[in-house]
Structures are given as C-alpha cells and as structure tokens.
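Number of protein chains: 4
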Amino acid sequence: MALKTPEQYKQSLKKLKPNMYKFGKLITDVTTDPNTRGTVEGHAQIYAAALGTEYADVFCTTSHLTGDRVSRYLAILQTADDMIANCKMKRAAYNLTGTCTGARCAGHAAMNAMWPTTFDMDKELGTNYHDRLKDWLRYAQDNDITISGALTDAKGNRSLSPSQQPDPDMNVHIVEVRDNGIVVRGAKVMICGCAAAQEVFVLPGGAYKDADKDYAVSFVTPKDAPGLTLVEARHPSDTREAEEGFDVPVKIGGTTQAYLFFQDVFIPKERVFLAGECKYTGSVLANFTAPYRAAIGGCVAGQGDVMAGAAALIARANGLSTKAFNEKLTQMFVNNETTFAVGVAASALGRKHPSGAWQTNTLLAHVNKVHVATLPYETKRLTQEIAGGIAEIGCLPSYVDFTNPVYGHLVQKYLKAASSAEARAKVARLIEWLTIGAGVPGCMHGGGSPDGAKIVIRGSAGLDRSIGYARRLIGLDEAIEEPAAKK
Amino acid sequence: MALKTPEQYKQSLKKLKPNMYKFGKLITDVTTDPNTRGTVEGHAQIYAAALGTEYADVFCTTSHLTGDRVSRYLAILQTADDMIANCKMKRAAYNLTGTCTGARCAGHAAMNAMWPTTFDMDKELGTNYHDRLKDWLRYAQDNDITISGALTDAKGNRSLSPSQQPDPDMNVHIVEVRDNGIVVRGAKVMICGCAAAQEVFVLPGGAYKDADKDYAVSFVTPKDAPGLTLVEARHPSDTREAEEGFDVPVKIGGTTQAYLFFQDVFIPKERVFLAGECKYTGSVLANFTAPYRAAIGGCVAGQGDVMAGAAALIARANGLSTKAFNEKLTQMFVNNETTFAVGVAASALGRKHPSGAWQTNTLLAHVNKVHVATLPYETKRLTQEIAGGIAEIGCLPSYVDFTNPVYGHLVQKYLKAASSAEARAKVARLIEWLTIGAGVPGCMHGGGSPDGAKIVIRGSAGLDRSIGYARRLIGLDEAIEEPAAKK
Amino acid sequence: MALKTPEQYKQSLKKLKPNMYKFGKLITDVTTDPNTRGTVEGHAQIYAAALGTEYADVFCTTSHLTGDRVSRYLAILQTADDMIANCKMKRAAYNLTGTCTGARCAGHAAMNAMWPTTFDMDKELGTNYHDRLKDWLRYAQDNDITISGALTDAKGNRSLSPSQQPDPDMNVHIVEVRDNGIVVRGAKVMICGCAAAQEVFVLPGGAYKDADKDYAVSFVTPKDAPGLTLVEARHPSDTREAEEGFDVPVKIGGTTQAYLFFQDVFIPKERVFLAGECKYTGSVLANFTAPYRAAIGGCVAGQGDVMAGAAALIARANGLSTKAFNEKLTQMFVNNETTFAVGVAASALGRKHPSGAWQTNTLLAHVNKVHVATLPYETKRLTQEIAGGIAEIGCLPSYVDFTNPVYGHLVQKYLKAASSAEARAKVARLIEWLTIGAGVPGCMHGGGSPDGAKIVIRGSAGLDRSIGYARRLIGLDEAIEEPAAKK
Amino acid sequence: MALKTPEQYKQSLKKLKPNMYKFGKLITDVTTDPNTRGTVEGHAQIYAAALGTEYADVFCTTSHLTGDRVSRYLAILQTADDMIANCKMKRAAYNLTGTCTGARCAGHAAMNAMWPTTFDMDKELGTNYHDRLKDWLRYAQDNDITISGALTDAKGNRSLSPSQQPDPDMNVHIVEVRDNGIVVRGAKVMICGCAAAQEVFVLPGGAYKDADKDYAVSFVTPKDAPGLTLVEARHPSDTREAEEGFDVPVKIGGTTQAYLFFQDVFIPKERVFLAGECKYTGSVLANFTAPYRAAIGGCVAGQGDVMAGAAALIARANGLSTKAFNEKLTQMFVNNETTFAVGVAASALGRKHPSGAWQTNTLLAHVNKVHVATLPYETKRLTQEIAGGIAEIGCLPSYVDFTNPVYGHLVQKYLKAASSAEARAKVARLIEWLTIGAGVPGCMHGGGSPDGAKIVIRGSAGLDRSIGYARRLIGLDEAIEEPAAKK
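Protein chains in written order, with my numbering: chain A, 22 to 508; chain B, 22 to 508; chain C, 22 to 508; chain D, 22 to 508.
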C-alpha cells in the first residue's frame, strides 16, 4: 500500500538537503526545529488519520490511475462526490490540527488545475504534458508525498505586467530552454507549508498575454533542488514556538509561509507541464481557483468548529452557561456552515471535463471566497466576545510567570474560576492562538484576493439573463442601452 | 400524458364551488377576479413552462409510481439530484413570475413530508396511511392538480399549547371520528396561493404531546369541501389589482395568502394520513421544514435575480452605467447565490430514507432559513439604492396621472431620462412592486420563523464534537461542567 | 403671538387655490381629500404640539429677528444647541405622527441653507439677497406658515448636465428676467408634504458651472402661484386612504410626495434669493445637506421608536414576552440611537458662520446619511421578525372582512390571541404600515443619495492626515506616490 | 506650572521601587526594559504633546481647583465641551501612539467616577470622601502624575457573587479597618498601562449588595506600595520587543496589561474614597462606564485613522491607487467617525451633577460600547483586505532575514514593488502590528463587556415610552400585558 506512516513521512523530510532559513539561521531538520516542527506535526496528523479508523475514508480514496488506496490529497477530482469529499477533508484537517495544512492542500489544487489544462493542451497543441503529469502523479501516489503549491509571485509593482517590471525577475520565468528541461528564475512568495513538503508544484501566477509568455510556466520540483532557497516568513508570536508550556497551546499543528527564491533552478522536462503556452494560463488559474475557493470554505469552517468548542469551554471555565451565549454561538454555527455549504454547492453544481476532471462551479466558488474573507472574522470576534477579557489580547500572563516559584501561586490563585487555573489558561491561550495568534489562517488573500473573486462573480452571475426576466415580467421591449461609465 | 395545459388548469379552477371571499365579496371566478387572477396566472406559468421547451426539464420529471412524465411539484424527492432540481425549479418559478407560486410549492413539501412519516407509521403501527397517500398521489399526478400546503394554525396565545387555549379551535383538530373518516374544525391561516389551488394538504401545525393528540392530524381536501370557507388576506396596494395600466406591473404573477376556516369539515378516511398519532408530528415537521427551508433559498434567489435585472434596467434608464453600481450588484449576486447554494448543499448532503424519500440535511436547511430571513432584505435595499429616488416609496405618479389628457404630458415629459418615460416608469413600478409592493414574498415567517430555525441549528451543529476538537488540540482532559444558566 | 392653532393652519390651507391632482382628479380641499388629509393632519400635530405643554419647547424657540416665540421650523439655527434641538424635534415629530412631516422640515433646511449663502453673496457681490430672505422670513414667522423645500429636479439623463439635456426644462431654470422678478420653468419632483404647505422654497438642484448658470436659482413661492401645477405621486396602499377602519392604522400622519410643474411661473424679485450666481450653488448644497443629513437621523430614530413600541405590543398580543426578543429589540435601540447620535455629534462639532448661522459638521452629517440609508432597513426587518407572520406582507384580512356580518366573526375568532382580535389586528396593521406600507419614509434618497454622501466623506475624512500619523509612528520619510487609478 | 516634561516623567518612574515582573524576571527599570519601555514611551508622548504647540489645547486644560494649566487627564469633566474634548484627546492620543495609553485614561475615568459619588456620599452620609479626593487630586495635578485605573477583579466563578466565592480573595476586599486606614487583599487583573503609572486608582469591580459590603472599596495607592506585586501579561509577539529593527514597527507606543496582586496592602484613610458603602457602588460603575464608553469611541477612531493611513500607504507601495479601494476606505471612515460621533453625542447630551461633574448620557455611551466591540474589527479586516497578502498573517520575513548578509538581498529584491523594499516592509509590519499584533487594543472587554452594555441599553432606551407612541398613533387603549418569559 502506498500510504505512509507519520514516521516514514518525517524520515523522508529529514533526508532532504537543508535549504530553508528563519531568523538568519539554516533549519537543519524541519521535524525538530521549533520554527517548523509544528507545521510538520500538523501534516503528520493527516498521515496518521489516513491510517486510522475514524477518518480513513475522509483522507483516502482510490487512485483512478492504479486502483490503489491513496491519499485524497494525491487524487484527481472526478465527480461531484469527490469534490464534496474534498470539502469535508479540508474541514476535518482543520478540526484535527487547528491550522492550515497547506502543503497537502495547495499542491492538490495545483495538480488538479493542471490535469484538464494539460489534457486540453495535448489535444490542441500535440504536446505531451498530460502524460508527464500522469507519470509524475503515479510517482507521487506511490510515495505518498506532500507537495506545496506555489502560485503567488513577488509581482513587484502591481500596475505593471511581468515583462513591464523594471526587474524581470519579479515573476518566476524561464530564463533558458534546454533539450532536457528548462531553467527558471524568480520568487514565489507566501507559500504555505513548505517546511512540511517534499516537493513544490509551481503554477503561473497570472493569466498572461504573449508579451509575458516566458512567465507562463508550470512544473514540479523537489524542495531541495539546487538553486532553490527558502526563507520562512514570521508570524505573530512565532518566537514562542521555542518556548515550553502552554503559550504555544497547539503542538500538533501550525501554519508557516515561505518565500521561495529560484536562482536559475533546472527543471527536467518530465516535470514541466506548461512552458510558454500563455493562452492556457487563464484556464490554469480558473481550474485552480474554483476548487480551491470552494474547498477553503471547509477549512475555515473547520477552524470555526474549533473556535465554537473553545468558546464553549472558556464560558464554562468562567462559570457561565453556554446558553447565555446562544445567539453568538448560533451565529458562529451559521458562519461555519455557510462557507462549508457554499463550497459543497459549488462542488455539486460542477461539470465533467473531457479529461475526466470534475470542474467546480465557478460562480459559487467565487461567492464562497467573498464569504471566506468576511465570515471567519466575525467568528473570531464572537469567540473573543464570549471568552471575556481573559482571552482578549494581552490579558493572560505567560507560562513562565504562571509557574514562577515566587509569585506563580498568585497568578494561579487568581486565574482559577470554575475550572482549574491551568485548564482556564490553556483554553484562553488557545483562543488567543486561534483569533490573534499563530493559528490564524491567511484566508483573506490565500488562494487569491476577494476583489478578484468579485470580478469573476460579476462575469458569471448572468446579469443579462436577469435583465431578461425583468423585461419579460413587465412586457418591456424597448432597448435601454448601457451608457459609458461616468468618471 | 398527465400534464395539463394552462387552459385546462384554469377550467378546472372554474369548476370549483366558490367559497373564497375578499373585501366582503364572494369571488365567483378566481381566474378573472382581480384579487386572484394574478396568482392564478402565476401558477399557470408553471403549467405552460412544463409543456414548453426551455424549462420542461426543470418543471417535469418521471413519476416513480407510474413512470409517467409528471410535474416535479407532484413528485416524491428520492435523490440528492431530485432535491437539487427542486431548488432550481423554485428559482425558475420566481424568475418566470416574480412571485411565490405557493400553491404548488407548499403542497409539494407537504406530500414529501408525509411520505417517509406515513411509511414509518405503517411499519411501526400497522396503519395504512402510506398506501392512502400513494393512492391519492397517483390521482393527483394523473390530474396534474395544484395543491396548497397548510401548516400554520391560528394558534391563539403563543404561550399556551393547543389544548390549553381558552378556545379549543385555535388549532385545527379532530372533533369527530367516524367509520368513514373524520370531522375537523379550526383555521389554517396565511396559507399561500389557495386561490390557485384545487386541493389543500393539511399538516399538523406543531410537534404535539399526548394532551394535544386531537390536534395531530394530516389530510388532503378539495378546496371546495362543504364547511370550508376562505378569506383572502390583504397585501400592500392590493386594490390596484383592479386598476388598468402599469401600476400593477406584473400581470403574470402575484402572491396571495388566505385564512381557511374549517367549520366541521368531513374528511373521508382515504384522504387522512395522520389522526391522533402525536408522536409522529415532530417527524412531520422535520420532514417538511428541511426541504422547504433548503429550497426557499432558490425562491428568494429567483426574485433576487429579477431585482438585479430591474436594478440594471433602471440604472440605464436613468442614464447611468451599471458599472457605477458594481459593488452593489456584486453584493446582490452574492446574496442570491448564497441562499441558492446553501439550499443545494443541504440537498447534496441529505440521506436516503427507507421509504425511498430523500431527506435534506437538517442543519444546512435551517442555516438557510436564517439567510433567507436576512439576505433578501439587503438585496431589496440595494435595489432601491441603485434605482434612485424614482423607485423609492411614494415617488412615482399613478398610471392614471401618467395618461391624464390634461397634465399627463407634463408627467411624461419629466419622467423621461435615458429611455422613454413609459419604460422608466414601468421599471420603477416593478421595483416598487418587488421591494415594497405586492411582489414582496413572505420569506421571513413563511415555512416557519428564523428563531425556530436557530433552535434546530443549535441542536444539530455538533457543539460537543467541536468541544472535543478543542480539547484534543490542547491536550485537555479536565472535565469542565456546564453550569445552570444564570437569570 | 405668531403661533397658529391647528384649525387656523387648516383654514389657511383651504384658502389656497386648488392646483394639486391625484388619480386624475383635482383635489379641491387638501384638509378633507383622502389623498392628502393624512399628511395635513400630521403637520397639524406640530401646530398642536407647539401650543401644548409637553412638547412646546421642542417645537418652539425664540426668533432672533423679532424676539417672538416662533416655530422652530421657522428659526435660523445659530448654535450647536439649536441644531441639537432640531435633531430632537425631528425625532419628536416622528414619534407624534409616525411619518415624515416634510413640509416643515425641508423648508426649514432650505431657508437655513440660504441664510449663510445669501450673506456671503451680499458681502462679495453687493446683492441684497440676505435682506430679502430676512424680510420673507419675518413674514413667514408672523404667519407661522408651512413651507415645502424643493431641491430635486426631474434631471433627465443623469450623465448629462442641465444645459446638455435634449430638453432644457429637465431642471428648473430662469427663462426670463424682468425688472420686478424672474420667470421659471421646469419641474421639481418627489417633493415631500406639498399638500400640507402654504409655500414652496426652491433651491438649485446641483452645484453648477457657468454653462448651467440659468439653473442656479433659489426662490420661494406661494403654492398656488399661477402656472404651478402639482401631481401627487402614489405610494403603497394609497387607495386605502379612502377606506374606513383600521386598514389605514394612522389617521394623524401620512407622507406624500408631489411633482411640481413650473410652467413659466413668475417670481417677484423680493422672493428671489439666487439667480444665476452659479458659483454659490455648491455652498447652497453644502449648507442644505449637512444639517439635513444630520437631523434626518432624528427622523428615522423617531420612527424606529414607534417600531420598537409596535414590536413590543405585537409580541405581547401574540402571547410572548418581549424578553424573548431582547437581542432584536436591543439592536433596534442601537440603530435608533446611532442615527440620532451621529446627527447630534454633527451638530455639536459644527462651527459658527459670520452670518450667525450654525454650520453642521460636514463629515459627520454625511456619515449619518450612510447610516440612515442602512440601519432603518434592519430595524424594519427586525420589527417584522418579532411580529411573526401576522404582520408580514399579505397576512391579515381587511377591515371589511374583519367586520363582515356573515364571516367576520370567524376572522375575529381566529385573530384573537393574548389581546382582543381588534387590538392585535390594529397593531399588526400598524407594523405593515411602518415597514411595508404608506408609513415607510423615503430615507434612502430623500435629501440626496448615500453614494453622494460617500464622495463627501472621502473628501473630508482627512486621509492625508491619517497617512501622516502612520508615517510618524514608523518613522517613514520615503515618498510613496499615488499611481494613476487602474482601469 | 504643573506640567512635567517627558524626561521628568520618566525620572519619576525610575524612582519607584521595582515590583513588576514578566517572564519570571523583575523589571528593574520600566523606562528601559524591553517589556515596558514602549508603553512608557507612549505615555511620554502625551507629556510631550502637552508642552508642544500643535496638541497643547487637546491635552491640557485649566484646573477648576487651582486655575493652573493641567493635563486634561487630571481634570474633572464639568461641561459637555470638557467631555467632547476628552473624546478628541483620546483620538489624538491614539493618533500619536497607535496604542492605548491606558494609564492616563483609566485613572482619569476613575477619578471622574468618584467625584460625583463622593459628593453624594458626603452629603447623604456625612463622610468626607469628597474632600479627600479633592486633596489628592490637587496633589496629582501639582505633580502631573500618571494613574492607572483598576476596576476588574479576578472574579473567580462568574456565577457567584464575591462573598459566595470559595476563595474570598477573588475580588479585592477590605480585610482590616484601622484608625488610620484600611488593609486590602485580592487582585485587580488586566489593568492597562501600569508600567507607565506612578499610582493606581482602584474602584469596586461591581455593584454590590450588603452581603458583599467588604468588596465595596475605592482608593488610590502608589504603584510601589508594600504588599503590591504586579505581573505583566503577555501579548502577541511580545518577545519581539527585545529585538532590533522594524519587527516592532512602533517604538513610541505599546499597550500592556498587568495583574495586580494586593497582599494585605495598607491604604491610609486620606486615600480611601469608599469603604463599605455598597449602595454607592452602582453609581460608581455608572459614573465610570458612561464617560469611559463614550470616550473609547475616540480611541478606536484614532487607531482607525492610523489604519486608514497605513492602508493607503501599502496600497501605493504595492503600486495601486487608493481609488481602487474607495468603497473600503469609505467604510473605514464611516466606522471611525461613528464610534467617535456617538461618543461626542453622549457627551453633548449629558447633564450637570450638583458636584459640578458633567455626567455623560448613559444610553448613548452604552450604544457606543456595542459599536466599539464590532466596528473596529471590520476596520481591521478591511485594512488587511486592502493591504494584500503581504500584511496578512505570516507573510513577511523577519528583519533579521531582511538584513541577512547571505540571502537578505533576495528578500529585499522580491519585496520591492512601487516603493523601496524597506518602506513596504515597514508599512506591512505596521499593519500586522495594528491588526493582529501587539498594537491591537482590547476594545471588546476593556472597560466592561458589550453584553453588559446591552443590559443598560435595554434599561434606558425607553421602551414604554415607545409603546405609548405606537398606542397613540393607532388610538389603542386596551391593556396588553407582558406575559411571563417562556423557557
């Protein structure tokens, strides 16, 4: 069986050549370094769950390539049910880790984006990208690897296209084409979960025109490829991760984002899936964003579940009934289920692509992005409101002070309410972590910004059809033209 | 084929004995009386669409009883796809009529609610309700009839149960059991579309305990049964419906609600589906509300589509580009798609009942009720905001003044903007009708109130499971009890 | 004393030459015609309150011209306290009438807008507009008259300026200048409360440039001036106003809007306050909109108060405790107080103009417009949510049916809950009237649209100052330029 | 002159005996310790501004005790204008520091709360608390000291009153009464700005009944009183404060909260202002919360200003026009001005107390608390939305990596957009700090929780009066009783 154990997974990560830095230091072992061990543990939860009993069907499915039981993160979405299962898996992953496990999720989205696009390219251009992708995927499934997905370029000045930038490297581009592959340069930034990944799946960062054809490039590369350097970005309270005690309340999860610097990295042609065919970049983006933005509703619902649970715990620890917070908890449930449900609906109303891929409904997926960029923020606010002052910013002493031999007893005496002081402090710290700490996910711009989603919504909502309904209802035939937009 | 034409449908309505009143007068022909012809026309649109080309598959399906092609409004929901199709049908019905076509929709929900419940009763109690229902449904399909669904009782004092009311008739109840049937008394109120219905499907209005067993009753009756009297309620601007011109902008739709007074109406036993088995009333309600509240998201999305179209038309008629209203239109699209999508997701995540019925997901259906009770109100507000003053309350002269021989030319001269005065006035009137006129649907309390939905949400959202996730993340074993709610 | 009694006020209205139409008919007596008597009664409440005990100080003040006790609606705002009193007066007027009493309110705003502007013009141009205005105001105070304020032109195509319109009359303009006055043509539309007014105060409808100087005109005219014709617009359920019983629940209030057609109306020069000085039109608008948009927060709060009261009554009539609706009522209170408070703050933070006028804070006044265009809509929705189905659209039979000799007893039997059937029906009808009936105010676009307010907000919010704060905090000196807006 | 320089202020802090801990260590000098120097610098800004030119009138006023020019933070609020000036001062303090300067603000609120209460007590009970307070205040003004205000007790189990707690120390209480003073025990927790304070002003934490009279205690104490120990709580990213570079973007501000442990602290009677008179505790709370909750709207507006500035800067640094974010910026402006304006209105509509104190309007102050607990959260969300991914959580490398000699050039190369890399990084870091970092204020529960405010709103909103309006409008005399609340 292809499925790996958490231990096998971590061993595999240890074997990679260290090329990741934080705070000016090389991270020699991502599985033990305080800056990365949390995200590795989070991803390891997925390996464990796949082999366990309760969640096996959530995290595993059957490979349509081999018939093997494989991680759902390495499977091609082929039906509405596959895509709904993907939404559920994202929710479960958050339930288990409290965090983004981006190195499985974004890589999964990337391979699924390239599946129909490479199929179309091969059919229309006579290329063999689809076969390359299929071969690589078989390898990935066989080894049950974890793959980051890298879409976002450094971009430079947002008013200029890649080729217009003063520095041509602001977006990843092909600097050399060789018989056996290509050489790429540039940076992918804010890439999630790289510390926990064995490989990186790169997509073009935008829909490009001819002038930017060198930027139309997709490939997959080992994370430790020569010329590739990673720097981990910092996040709130990240230095706590080297501390002891409950100030990092979650040890089995954690989110990281990295900057990936490609300094003339060679990519063998078997791992290149798009190289200059800029007219397909739009379809790559569409094939990436629709399932990604549908399923992200499951992610944030999953974290919302944890927030609801934490809010209930702290209320009780404070000595209050959760019933006193019925309205607020209900709103949290509504928020959680809404992002989950809109994703499920986008899944259900998709359509089959000739390549066998299931294509998520565009309109609903982008509607979900708008919700994902708003509702979880209200859920966080409500969590803090229920929790009372103790879980608001800056209101809980450190673990070191909690356990101080001289005055720690005072801290503990006065933190005790309807549970032990320690239980109350742990839950309060969890809420800080979830709402204003390292556990907060980047759901606003991750996978693209809500303003971009709104443009897609306007393009796909069918306003002309709606105008037709209105006209029919009142029997209106007169043409009424759209004037030029006023300044 | 069982499908009837609009003309056959109307002829059938004409044959019913008149027993419906409004403004103190008996309505002798619902197809021509100004108070009811609009809603009849609205329902007739459905008959027409079923026989047309564009919408046939939306409004028709195959009977699982006979294999005949029947109206989807007369079919039992058996799969997720059936239920998704139901959501789409509701949206299309609104697109075509701008209004609630409640006499098909609520009856459909009622029969689908009784399908699994009668199945369970027969199995557990040895009754033959399910067969009765099946027989009646075959008849209904064969004759393609339109059936109101009647759930809401007069209720009296909301703090008292039916049997505690000073007047025992405040809820419909069985006053006599005969060999061949039952006699019922009471009132069902605010029942939608009765004018357009041939029959009425009655459900119990609540989940009852033993003391209220006489109130546990479900049956179907011809609308013109002896002892049944209907009074149409009034709605905004209802007297306009007897006027000429554009002040009633929509002639092919309209919503009505009636009060049904049952003064010792006899129901033959073949048409009785529940009579005293109070322990099943909870399941009737659950089986009614879940699909109803899921699908109502399609309804309000459908009207939201019309509002988006009308808003775009009036903007252009005012001389403005719809682009100037991009943010507002996008929010309208988001609102429309959200209620639609959450309903679709509730459909997709349902489960099969042994009776063959598809049971919509409870949690998501009730989450949708909350959205339905809020989002359309914002959509209306946005429509008025885009429209400018002309479509706000009280800002457009009457059709009579518009066409007055003495000063009508002045009205027209000054109503002209970027379209003809008449086109602009018609669209403005449509917006009044949709946002603050007779076209406004009763989506707040129709099919039950949002506060009731919130209770279901709290019951089904899985807070204990979420607490478990939070505990697992921080390794918390200590029990933290729920205290009694504070006063 | 200058204050008139309600009876004197009505007698004065009766003396005006009839020139107002609705439904194709001339309204010969506005005090008795069903289409106008409600708004006249509403305005009469103000006369009564001014002479009563409870509200006298709310509705009266001391004239700074004569020292007489005069209606606050005829006084110049000279201090922050005056303007705060204005906000309170607007709220009280709504409390007493449930409606807009626009013929006192908008005229008051118009005269206050012209006070500083005419002062500046006279000083800078050597005109004598300010003295004219002072003379007229003395006359208005002496006779305690009611004056509509007319700002909104028909406008035609919104993309074109007045002089660019194909029809030059789309905005009111001067068509002839005579030695003793001017002749004006055009239409002012959607003007509130004209039926209850003796005079009309006209302001220019926009801030005009030289090309549109003929449209820069302000004057006051008797409502029955030769050449002036009024057509009342229709509003929801307006024909009910000729009916008996509770279907028009409020007899002492009512809102109307009229279209005013100026067909070459002569205005004597003593009543002309601006004629061609287009560079002052911007200041007229600013001087009008700031106090108007501040005080309108009091209006909608006043109606919100009535909604809160009605919601509490219907809850109890339904047999439910208002405590069950604590969250909803609290939100209604918050909404009411917010629009009131932001108006009060705009008043408090104004500044003194050399003319003696108090100028309301621009930024806060326009922020309030945004709230006024959103919060009352939520208040309405909450009112309907609390009320239950009976007060939602189309759910209550007519008074005629309620009192029908044959079946009226059935209607009454089943409407009874925890109060009498009649009390419950009356309250439900009040809620319909307030939320979706003739009592709904035009708070979205009345006094200008929220999008216009947002432009003012952006212009006055001080973004550059805020950028300075951010720079100072991080010690940032580097210039970062605003790029051109992207298409 | 009483006003001190920033340097004098800091010297005075240095003279206090160290009794404050964080991370297990005694903070020997709060002006230089990385954990406290930021908040000290923030408070020092106020001293500097008071002596400068631009803000002198904002931060200073005339003592009504001595006629001296004193810090407004040490003055008694006596008029509406004083209270409006207080709102403006809070906004300015945030503009200058980006943070809460709680040690001046809460102490100011505490002394103003006790002013009318001690006046009433002396009059009714013959005590001499008011004179004690006056004497102390004269001293405070003469020395221009900074005073923390301490209200919140540890509380223990929220369902139990202080005397019902298993541990009687969960709320600060009098354990001994001596001739010359009292001895107190307990903890005040989450007290803002203590590091920057010279004294602490203690108020009772609730409105107490007789059984809890020992908990009714108010006094002021030097921060370094024997028996008083402070532990600083931790906040997001607090360890960064010991780092170099831009990762702590703001050096002239910072918020801290401390736990204050009173282990039998002696308070001389001249500094005791309430000791056992529990019936006055309700009025203390009311006198504290109303001005506090009004003015806090200015605080969060002040930080909102900084967020608007930061958002504009990052948009431009990204190469985008702020015009592209017009809707979002406008919403931020609306949010900022709303909390500011409702506070100003609460100030303007207050009333004079016989003691000379100005009492802020209760209803509007608590309405503002509701806004303060919601609107700033949306402002933060919008700031992150405008900023793009770079300012979202976890997306920017550390200063150490930015300046790393080996790969720092890569980080800088790829962070450059339309400004320098450093400017862009600094602004992005400021946004992290403001929205999810150490700069986030505790505006949810600081000064009391929104649910508490809602209870006050319901009590003071005048529902019965509103019911009267509704009754009068429809001529309803029938009594309709409030039923018992349903379970």
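C-beta atoms are modelled at their ideal positions from N, C-alpha and C, and glycine is treated no differently.
Item	Value
Cβ-Cβ distance between F287 of chain D and G202 of chain D below 7 Å	yes
F282 of chain C - DSSP class collapsed to helix/strand/coil	strand
Element boundaries [alpha helix (DSSP H), containing Y9 of chain A]	Residue 9 of chain A lies beyond the range of chain A shown here (22 to 508); nothing can be said about it.
Exposure of E253 of chain B, with buried meaning 16 or more beta-carbon neighbours within 10 Å	buried
E197 of chain C at chain D interface by Cβ criterion, 7 Å	no
C-beta neighbour in chain A for G570 of chain D, strict 7 Å	Residue 570 of chain D lies beyond the range of chain D shown here (22 to 508); nothing can be said about it.
Inter-residue CB distance, T381 of chain D and A315 of chain D (contact presumed, cutoff 8 Å)	5 Å
Contact list for the segment 463-477 of chain D against chain B, Cβ threshold 8 Å	none
7 Å Cβ cut-off: residues of chain C touching A333 of chain D	L484, I488
Residue-level contact to chain A via CB, I414 of chain D, 7 Å cutoff	yes
Proximity of I273 of chain C and Q66 of chain C at Cβ, strictly below 7 Å	yes
Min CB distance E348 of chain D to chain B below 7 Å	yes
Proximal residues of chain B, C-beta to C-beta of P504 of chain D below 7 Å	S180
Test item: CB-CB of S180 of chain A and G473 of chain D under 7 Å	no
Proximity test, Cβ basis, 7 Å: H430 of chain C and chain B	no
Simplified DSSP state of K508 of chain B, which is helix, strand or coil	Confidence at K508 of chain B is low in this model, with a pLDDT of 46, below 50, so the placement of that residue is unreliable and no value is reported for it.
Residue(s) in a DSSP beta bridge with W379 of chain B	B:K373
A134 of chain C beta carbon less than 7 Å from that of N308 of chain C	yes
Minimum Cβ-Cβ distance from Q278 of chain B to chain C less than 7 Å	yes
Per DSSP, cross-strand counterpart(s) of M41 of chain C	C:L251
Proximal residues of chain B, C-beta to C-beta of T351 of chain A below 7 Å	K475, I478, R479
DSSP three-state assignment for M211 of chain C, whether helix, strand or coil	strand
M110 of chain A: CB within 6 Å of a non-hydrogen atom of the ligand SAH	In the structure shown, the ligand SAH is absent, as is every other ligand, since no ligand is present at all.
For P18 of chain D, the residue or residues it bridges with in DSSP	Here chain D has residues from 22 to 508 only, and residue 18 of chain D is not among them.
Residue closest to A378 of chain C, alpha-carbon to alpha-carbon, out of C:W136, C:E443, C:A386	C:W136
Same chain, Cβ closer than 6 Å to K508 of chain A, neighbours up to 5 away in sequence not counted	With a pLDDT of 46 at K508 of chain A, under the threshold of 50, the predicted position of this residue should be treated as unreliable, though the coordinate-derived value follows. The answer is none, since no qualifying residue turns up.
Extent of the continuous alpha helix (DSSP H) to which P312 of chain D belongs	302-338
Residues bridged to A171 of chain D [DSSP beta-bridge criterion]	D:V223
Residue-level contact to chain C via CB, I457 of chain B, 7 Å cutoff	yes
Chain B contact for I495 of chain A (CB, 7 Å cutoff)	yes
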